[in-house]
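Peer 1:
In the working numbering, the protein residues as written are 30 to 98.
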(Lines of atoms letter the chains of each structure in order from A and count residues from 1; the text may use other names and numbers.)
(Lines give C-alpha, C1' and ligand atoms only; values in the text may rest on other atoms or scores of the structure.)
Protein backbone atom coordinates (compact mmCIF):
# COMPACT_ATOMS: atom_id res chain seq x y z
CA UNK A 1 0.00 0.00 0.00
CA UNK A 2 1.10 3.53 -0.68
CA UNK A 3 0.28 6.74 1.15
CA UNK A 4 0.44 8.78 -2.05
CA UNK A 5 -2.86 9.96 -3.50
CA UNK A 6 -3.73 9.08 -7.06
CA UNK A 7 -3.48 11.55 -9.96
CA UNK A 8 -7.21 12.32 -9.72
CA UNK A 9 -7.14 13.18 -5.98
CA UNK A 10 -8.08 16.74 -5.03
CA UNK A 11 -5.46 18.89 -3.35
CA UNK A 12 -2.11 20.29 -4.27
CA UNK A 13 -0.07 18.96 -7.14
CA UNK A 14 3.57 19.52 -7.95
CA UNK A 15 4.03 21.30 -11.27
CA UNK A 16 7.39 21.52 -12.98
CA UNK A 17 8.28 24.98 -14.24
CA UNK A 18 10.43 25.00 -17.38
CA UNK A 19 13.71 26.81 -16.83
CA UNK A 20 13.30 27.02 -13.05
CA UNK A 21 15.24 25.19 -10.38
CA UNK A 22 12.20 24.58 -8.23
CA UNK A 23 8.81 23.15 -8.89
CA UNK A 24 5.68 24.88 -7.60
CA UNK A 25 2.53 23.66 -5.93
CA UNK A 26 -0.92 24.29 -7.31
CA UNK A 27 -3.33 26.04 -4.93
CA UNK A 28 -5.65 23.87 -2.87
CA UNK A 29 -9.23 24.04 -4.19
CA UNK A 30 -11.28 26.56 -2.22
CA UNK A 31 -8.34 28.75 -1.16
CA UNK A 32 -7.11 32.14 -2.32
CA UNK A 33 -3.66 31.80 -3.90
CA UNK A 34 -2.90 35.54 -3.61
CA UNK A 35 -0.78 36.50 -0.57
CA UNK A 36 -2.15 38.93 1.97
CA UNK A 37 -0.89 42.41 1.34
CA UNK A 38 0.32 44.69 4.09
CA UNK A 39 -1.45 48.00 4.57
CA UNK A 40 0.10 50.84 2.61
CA UNK A 41 1.94 52.94 5.19
CA UNK A 42 2.54 55.73 2.69
CA UNK A 43 -1.21 56.22 2.21
CA UNK A 44 -1.41 58.18 5.47
CA UNK A 45 0.02 61.70 5.18
CA UNK A 46 3.05 62.53 7.34
CA UNK A 47 1.24 65.34 9.13
CA UNK A 48 -1.65 63.00 10.04
CA UNK A 49 0.50 60.60 12.07
CA UNK A 50 0.09 60.78 15.78
CA UNK A 51 3.27 61.03 17.76
CA UNK A 52 3.87 61.47 21.44
CA UNK A 53 5.43 64.52 23.01
CA UNK A 54 9.00 65.28 22.01
CA UNK A 55 11.58 64.28 24.61
CA UNK A 56 14.68 66.21 25.66
CA UNK A 57 17.13 64.03 23.69
CA UNK A 58 15.04 63.20 20.60
CA UNK A 59 17.02 65.56 18.34
CA UNK A 60 20.33 63.99 19.38
CA UNK A 61 19.01 60.45 18.86
CA UNK A 62 17.85 61.34 15.36
CA UNK A 63 21.23 62.89 14.46
CA UNK A 64 23.39 60.12 15.98
CA UNK A 65 24.74 57.56 13.51
CA UNK A 66 25.54 54.03 14.71
CA UNK A 67 29.25 53.15 14.59
CA UNK A 68 28.80 50.52 11.88
CA UNK A 69 27.67 53.09 9.30
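Beta carbons are placed, not taken as given, at the ideal position from N, Cα and C, and that holds for glycine.
Note that the structure is predicted; figures quoted are calculated from it, not measured.
Determine the extent of the alpha helix (DSSP H) in which residue 87 is found, giving its start and end residues.
Peer 2: 87-92
Peer 1: Could you tell me the distance, in whole angstroms, from the CA atom of residue 92 to the CA atom of residue 40?
Peer 2: 54 Å
Peer 1: Rank 90, 52, 80 and 42 by C-alpha distance to the C-alpha of residue 58 and give the top, closest one.
Peer 2: It is 42.
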